[in-house]
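Position 71 of the sequence shown, counting from 1, maps to 71 under our numbering, and the rest follow consecutively. See structure below.
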Amino acid sequence: MAFTEDCDRFGNQLARLIDAGIPVKEAAAAIGLPRQRCYAILRAIDRPAGRSRGPAGTADRALIVSVYNETGSINRAAKASKVAHSVARRILVDEELVGREKISPKGKLEAKRRCLELIAAGWSARRAAREVGVNERTARDWRQGIRRSNNKRIHPDGRVVDYHHGTVYTQSVTSVTCEGSGRPAISDRYLSTEDRIAIADGLLVEDSLRTTIAARIGKNVSTVSREIRRHSIEGSYLPYQADRAAATARARPKQSKLVVNTVLRAAVEEGLSRKLSPEQISHRLRRDHPDDESMRVSHETIYQALYFQARGGLKKQVQQSLRTGRARRKPHRADGQRYQRFTDPMVMISDRPAEVADRAVPGHWEGDLITGELNKTAIGTLVERTTRYTMLLHLPNGHDAESVRDALIAAMKDLPAHLRGSLTWDQGAEMARHKQFGIAADMAVYFCDPASPWQRGTNENTNGLLRQYFPKGTDLSVYSPADLEHVAQELNGRPRKTLGWDTPAERLRDLITTN
């Protein structure tokens, strides 16, 4: 029988067996063809298979899909079901959870741009990664400005973690720091971040004369030309990426003190075996060896060595060494330092007018979400501070920033202007589009401080009342807009002691009719 006829007759059947995790040898026996013939058929139909396919066995499609949905990692899904990465990936492709084609370099740039846009809009790294078709770890690296190259992780500050050689090195640090940057200042001989931004600005206005750009930043023309040639991707010059690459190029490898000094390393290991913390070990060494400078090591060096081992596969041993049981550093911020929560700046509750705080003027609202099981479903809640009038937002398509924005606009658009004064919310990711809502509804939006629910006390109290109708841990997507309207009417019809036993509906009616 001709080879093309074999491909037509057995190709689909063979592909199904391979996708199910059946080894080529067993699949060949099942359909009655030589094994090498099956390999050739698989190559011909663009479904190559070989030794890299991993262990035999039937793939558990449901388990692969479940683990991938939970972790966002094809590797973890493959390990959980004990099949090769390629098998798990093909199943996820069939389930339309993963793209069929790998992302090209140009497509990866577009995916990175889109991923960072989604994260800036309040999406989690996991959700943004799935949206653009990349691994969750890749999305987190993009968010933190980390690049990967030849089994290395290159951080924005120039620190390089080389997993292949087991070293960590960085650029030499000077005592002067660039104002507003977090990166050590360098000699004027080299291009600074500001110089690279000026180059990018010059190229954006189609200033093709390198001499003009060079004169503007005070550098030689050849320096500018070299910079553009080295750090342009697909014809686009990226100043911040160029700056990080230059910082990495300036780095000089340096072995850790604990690698070079075996006596010091043994002393540290002995201290860890006694359950001492790295800081206790560091200070005790200084006391026990007052005249020996070689027996000095900072607690930070010990921590870095431990956490680096954890990334290299010694996670269990590291967890046993530290009292906290952590195998990864817990990030901390300096006192008073806080990252910008959203792309659009927030106006904090401390800047809210006094008339809002004392409830003297109606039309100021507090809002929040009550969530269901595993935070998968939600209902938006709005409470007017003066009348305690409640409105509920139906969110059938999820509670991302766009859905919440649209629901808020729909709820507020029919209210009179004097009842659209302001909205106070917490710093949840669902409010990433707060500026767009504020413009559409002509309302000011104020944000509470982190972990300060008492700053929206009226709304928190109302959420407690709503739990009578929408218990925690339930699926809130089963409720229709009519159900939400019925619950809101019941709450707004309850007499309130704080209102002199008027109902919120009566108070709101009076405000509308008198104005």
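We put the beta carbon where it would ideally sit given N, CA and C, even for glycine. Just so it is clear, the structure is predicted and the values come from calculations on it, not from any experiment.
Between Thr-474 and Glu-355, how many whole angstroms is the CB-CB distance? I'm expecting something under 8 Å. In fact, because the Cβ distance is near 39 Å, the residues do not count as touching under 8 Å.
When you compare only the Cα positions, how much space is there between Leu-63 and Ala-77? Rounded to whole angstroms, the gap between the alpha carbons of Leu-63 and Ala-77 is 7 Å.
Buried or exposed, going by whether 16 or more other CB atoms sit within 10 Å of the CB of Gly-21? Buried, because 16 or more other Cβ atoms sit within 10 Å of the Cβ of Gly-21.
Assuming Ala-401 and Ala-451 make a contact with CB atoms under 8 Å, what is their CB distance in whole Å? Their Cβ separation, rounded to whole angstroms, is 21 Å, which puts Ala-401 and Ala-451 out of contact at 8 Å.
Less than 7 Å separating the beta-carbons of Thr-462 and Val-347? In this structure, the beta-carbon distance from Thr-462 to Val-347 does not fall below 7 Å.
Beta-carbon gap between Lys-257 and Val-297 smaller than 7 Å: The criterion of a C-beta distance shorter than 7 Å is satisfied by Lys-257 and Val-297.
Coarse secondary structure for Cys-7, derived from DSSP in three states: DSSP, read as helix, strand or coil, puts Cys-7 in helix.
Alpha-carbon spacing of Pro-156 relative to Gln-144, whole angstroms: Looking at the two C-alpha atoms, the distance is approximately 8 Å.
In whole angstroms, what separates the C-alpha of Ala-249 from that of Lys-25? So the alpha carbons of these two residues sit roughly 49 Å apart.
May I ask you to report which of helix, strand or coil DSSP gives Asp-162? DSSP places Asp-162 in the strand class (E or B) of the three-state scheme.
Chain-order list of residues whose beta-carbon lies under 7 Å from that of Gln-304 (same chain, five-residue window excluded): Only Val-168 meet the Cβ criterion.
Three-state secondary structure (DSSP) at Trp-425? In the displayed model, Trp-425 falls within a strand according to three-state DSSP.
What are the start and end residues of the alpha helix (DSSP H) that includes Phe-447? Note, Phe-447: premise wrong, no alpha helix (DSSP H); beta strand (DSSP E) at 444-447.
So, is Trp-501 buried or exposed, given that buried needs 16 or more other C-beta atoms within 10 angstroms? Exposed is the label assigned to Trp-501, since fewer than 16 other Cβ atoms lie within 10 Å of its Cβ.
What's the gap between the Cα of Thr-212 and the Cα of Ile-199? Between the alpha carbons of Thr-212 and Ile-199 lies a distance of about 10 Å.
By alpha-carbon positions, which one of Gln-427, Glu-430, Asp-510, Arg-16 ends up nearest to Ile-45? Ranking the options by Cα distance to Ile-45, first place goes to Arg-16.
Within 10 Å of its beta-carbon, does Ile-233 have 16 or more other beta-carbons around it, so buried, or fewer, so exposed? With fewer than 16 other Cβ atoms within 10 Å, it is exposed.
Would you check if the distance between the CB atom of Ser-480 and the CB atom of Thr-377 is smaller than 7 Å? It is not a contact, given that the beta carbons lie outside the stated cut-off.
By Cβ distance below 6 Å, which residues in the same chain neighbour Gly-367 in space, the five residues on each side in sequence not counted? Excluding sequence neighbours, Gly-367 sits near Leu-382, Leu-423, Trp-425.
For Glu-70, does the three-state DSSP call read helix, strand or coil? Glu-70: helix per DSSP, three-state reduction.
Does the contact criterion of 3 or more C-beta pairs under 8 Å hold for the stretch 289-296 versus the stretch 260-272? Taking 8 Å as the limit for Cβ pairs, the verdict is that the stretch 260-272 does touch the stretch 289-296.
Check each candidate in Cys-448, Asn-375, Ala-360 and name the one with the smallest Cα separation from Leu-419. Nearest of Cys-448, Asn-375, Ala-360 to Leu-419, Cα basis: Ala-360.
Nearest by alpha-carbon distance to Arg-140: which of Gly-363, Lys-435, Ser-73 is it? Closest in C-alpha terms to Arg-140, from the list Gly-363, Lys-435, Ser-73, comes Ser-73.
If you compare alpha carbons, which of His-434, Val-205, Cys-38, Leu-499 is closest to Arg-388? For the residues His-434, Val-205, Cys-38, Leu-499, the minimum Cα distance to Arg-388 belongs to Leu-499.
Spatial neighbours of Arg-216 in its chain, beta-carbon cut-off 8 Å, leaving aside the 5 residues before and after: Residues Ala-198, Gly-202 of the same chain have their beta carbon placed closer than 8 Å to that of Arg-216, with the five preceding and five following residues left out of the count.
Report the start-end ranges of each alpha helix (DSSP H) in the stretch 208-236 that is 4 residues or longer and not cut off at the edges. For the alpha helix (DSSP H) assignment, the uninterrupted runs of no fewer than 4 residues enclosed by the stretch 208-236 are, from N- to C-terminal side, 210-217, 221-230.
Pick helix, strand or coil for Ile-154, following the three-state DSSP scheme. The answer is strand: DSSP assigns Ile-154 an E or B state.
Classify Trp-123 as buried or exposed, calling it buried when 16 or more other Cβ atoms lie within 10 Å of its own Cβ. Its Cβ being crowded by 16 or more others within 10 Å, Trp-123 is buried.
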